[in-house]
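Colleague:
Residue numbers (this note's numbering): 19 to 289.
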């Protein structure tokens with residue numbers, strides 16, 4: 019478009035007829051680039067933030083027959099199953115729960131996605147893949163059977179490590195290996211239960227009389243204090259249990275707990 023300079027060297031617009039020239043081609047104005055702020059997304063006050071996956075957690079139980087399976091069943095019943103759980107996970111949980119009614123004769127496990135409680139109302143929910151591993155009981159009285167069962171447990175732990183090494187992603191996140199093994203201790207093997215004392219012995223004491231002959235009179239003595247009294251006995255862990263915990267600790271983190279602690283009396287707790 020030509021421009022006109024006046025005598026004062028000022029820029030002036032061309033004549034209006036030049037702007038309306040029909041022979042002059044007209045071009046549409048270039049579109050203004052759109053920005054994200056020009057089209058705000060609608061906000062739903064009732065919408066929830068997306069779930070954040072934080073990996074997996076694998077928990078194993080071991081020890082004597084002291085309620086290990088019942089503990090896992092309670093943990094499943096009180097967990098918040100995620101809506102992202104697959105049909106295969108729900109089927110494995112149902113099969114696992116059905117097997118909780120009987121004695122655990124082999125290693126079995128179940129995996130399911132669960133939602134964790136957020137730290138605050140503004141924090142998004144977090145979902146983890148929780149795997150529970152149940153193991154047969156370790157009877158310290160039967161050393162040979164206990165050794166076979168312990169060997170199977172250690173082999174299962176090693177197989178999960180090998181599985182994580184084969185998968186690069188799992189090797190970095192540690193989702194395949196056992197994170198914790200809760201070892202259940204029988205309280206009777208640590209602090210023996212108090213037993214009723216045996217009846218006191220009867221000692222005959224002669225009683226003389228001028229009219230009757232001597233008759234034995236029973237005398238009750240103080241009963242002996244049993245050596246297994248919980249107040250006088252020091253809580254100890256059997257050597258077999260110590261050996262099992264040491265072998266497990268070489269492969270996995272072990273947390274020893276006293277099972278059925280709610281059934282202990284005050285005397286046994288004070289010991």
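Even for Gly, the Cβ is constructed at its ideal location relative to N, Cα and C.
These figures come from a predicted structure and were not determined experimentally.
If you reduce the DSSP assignment to three classes, tell me which class residue 267 lands in.
Modeller: The sequence position of residue 267 within the chain shown is 249, counting from 1. The answer is helix: DSSP assigns residue 267 an H, G or I state.
Colleague: So what does residue 133 bridge to, in DSSP terms?
Modeller: For this step, residue 133 is matched to residue 115 along the chain shown. In the DSSP output, where bridge partners are listed per residue, residue 133 has 145.
Colleague: Once you ignore the five residues that flank residue 176 on each side, which residues in its own chain have a CB closer than 8 Å to its CB?
Modeller: Position 158 of the chain shown, counting from 1, holds the residue named residue 176. Answer for residue 176: 269, listed in chain order.
Colleague: Could you tell me the distance, in whole angstroms, from the CA atom of residue 246 to the CA atom of residue 144?
Modeller: Along the chain shown, one-based indexing puts residue 246 at 228. Along the chain shown, one-based indexing puts residue 144 at 126. Unreliable placement is indicated for residue 246, whose pLDDT of 49 sits below 50; the coordinate value is still reported in the next sentence. C-alpha separation (whole angstroms): 50 Å.
Colleague: Using the Cα positions of residue 151 and residue 193, report the straight-line distance between them to the nearest angstrom.
Modeller: Start at 1 with the first residue of the chain shown, and residue 151 comes out as number 133. Start at 1 with the first residue of the chain shown, and residue 193 comes out as number 175. Cα to Cα, residue 151 sits roughly 14 Å from residue 193.
Colleague: Do you know whose CA, among 208, 102, 123, 139, lies nearest residue 133's CA?
Modeller: Within the chain shown, numbered from 1, the residue matching residue 133 stands at position 115. With distances taken between Cα atoms, residue 133 lies closest to 102.
Colleague: Verify whether the separation of the beta carbon atoms of residue 117 and residue 202 is less than 8 Å.
Modeller: Here the question's residue 117 lines up with position 99 in the chain shown. Here the question's residue 202 lines up with position 184 in the chain shown. Not a contact, by the Cβ cut-off of 8 Å.
Colleague: Mind checking residue 259: buried by the 16 CB within 10 Å criterion, or exposed?
Modeller: Reading the chain shown from its first residue, position 241 is the one you call residue 259. Flag for residue 259 reads buried.
Colleague: Quick check on the DSSP output: the alpha helix (DSSP H) that includes residue 115 runs from which residue to which?
Modeller: Position 97 of the chain shown holds residue 115. Residue 115 -> alpha helix (DSSP H) spans 105-116.
Colleague: Considering residue 205, what are the terminal residues of the alpha helix (DSSP H) in which it resides?
Modeller: Counting from one through the chain shown, the residue named residue 205 turns up at place 187. That run of the alpha helix (DSSP H) goes 205-208.
Colleague: Just checking: is the beta-carbon of residue 171 within a distance shorter than 8 Å of some beta-carbon in chain B?
Modeller: No chain B is part of this structure, which consists of one protein chain only.
Colleague: Go ahead and label residue 277 buried or exposed: buried means 16 or more other beta carbons lie within 10 angstroms of its beta carbon, across all protein chains shown.
Modeller: Your numbering for residue 277 matches position 259 in the chain shown. It is buried - the Cβ of residue 277 has at least 16 other Cβ atoms within 10 Å.
Colleague: Quick one: what's residue 278 bridged to in DSSP?
Modeller: Here residue 278 refers to the residue found at position 260 when the chain shown is read from its first residue. Answer by DSSP bridge pairing: none, since residue 278 is not bridged.
Colleague: Would you mind working out which of 184, 99, 124, 160 sits nearest residue 146, comparing C-alpha positions?
Modeller: Numbered from its first residue, the chain shown carries residue 146 at position 128. Proximity to residue 146 across 184, 99, 124, 160 peaks at 99, based on C-alpha coordinates.
Colleague: Per DSSP, what are the beta-bridge partners of residue 128 in this structure?
Modeller: For the purposes of this step, residue 128 is identified with residue 110 of the chain shown, where counting begins at 1. Answer is 150.
Colleague: Check whether the Cβ atoms of residue 178 and residue 196 sit closer than 8 Å, and answer yes or no.
Modeller: Reading the chain shown from its first residue, position 160 is the one you call residue 178. Reading the chain shown from its first residue, position 178 is the one you call residue 196. Yes, the pair counts as a contact, with Cβ atoms nearer than the cut-off.
Colleague: Taking the alpha helix (DSSP H) that residue 184 belongs to, which residues open and close that run?
Modeller: Position 166 of the chain shown, counted from the start, is the residue given in the question as residue 184. Per DSSP, residue 184 belongs to the alpha helix (DSSP H) from 161-184.
Colleague: Measuring alpha carbon to alpha carbon, tell me which residue in 285, 184, 257, 123 is nearest residue 80.
Modeller: Walking along the chain shown from the start, residue 80 turns up at place 62. Selected option, being the one with the closest Cα: 123.
Colleague: Looking only at its chain, what residues have a beta carbon closer than 8 Å to the beta carbon of residue 161, apart from the 5 residues adjacent to it on each side?
Modeller: Position 143 of the chain shown, counted from the start, is the residue given in the question as residue 161. Same-chain partners within the cutoff: 258.
Colleague: Check residue 284 in the structure and name its three-state DSSP category.
Modeller: As a first step, residue 284 must be located in the chain shown, where it is residue number 266. DSSP places residue 284 in helix when its eight states are reduced to three.
Colleague: When you compare the CB positions of residue 253 and residue 209, do they come within less than 8 Å of one another, or not?
Modeller: Position 235 of the chain shown, counted from the start, is the residue given in the question as residue 253. Position 191 of the chain shown, counted from the start, is the residue given in the question as residue 209. Taking 8 Å as the Cβ cut-off, residue 253 and residue 209 qualify as a contacting pair.
Colleague: Report, in whole angstroms, the separation of the C-beta atoms of residue 256 and residue 158, which I expect to be a contact under 8 Å.
Modeller: Here the question's residue 256 lines up with position 238 in the chain shown. Here the question's residue 158 lines up with position 140 in the chain shown. Indeed, because the Cβ distance is near 6 Å, the residues count as touching under 8 Å.
Colleague: Using C-beta distances below 6 Å, list every residue in its chain close to residue 184, excluding the 5 sequence neighbours before and after it, in chain order.
Modeller: As a position in the chain shown, residue 184 is number 166, starting the count at 1. No residues qualify anywhere along the chain.
Colleague: Can you tell me the Cα-Cα spacing of residue 206 and residue 105, whole angstroms?
Modeller: One-based indexing of the chain shown puts residue 206 at position 188. One-based indexing of the chain shown puts residue 105 at position 87. Using only the alpha carbons, I get a separation of about 42 Å.
Colleague: State the start and end residues of the unbroken alpha helix (DSSP H) segment that holds residue 87.
Modeller: Counted from its first residue, the chain shown places residue 87 at position 69. 86-96 is the extent of the alpha helix (DSSP H) around residue 87.
Colleague: Using three-state DSSP, classify residue 64 as helix, strand or coil.
Modeller: Walking along the chain shown from the start, residue 64 turns up at place 46. In this prediction, residue 64 has a pLDDT of 44, which is less than 50 and means its spatial position is unreliable; what the coordinates show is noted afterwards. Coil.
Colleague: Can you tell me the Cβ-Cβ gap for residue 125 and residue 169, rounded? I've got them flagged as a contact below 8 Å.
Modeller: Locating residue 125 in the chain shown gives position 107, where the first residue counts as 1. Locating residue 169 in the chain shown gives position 151, where the first residue counts as 1. With 8 Å as the limit, residue 125 and residue 169 do not qualify as a contact, their Cβ atoms being about 11 Å apart.
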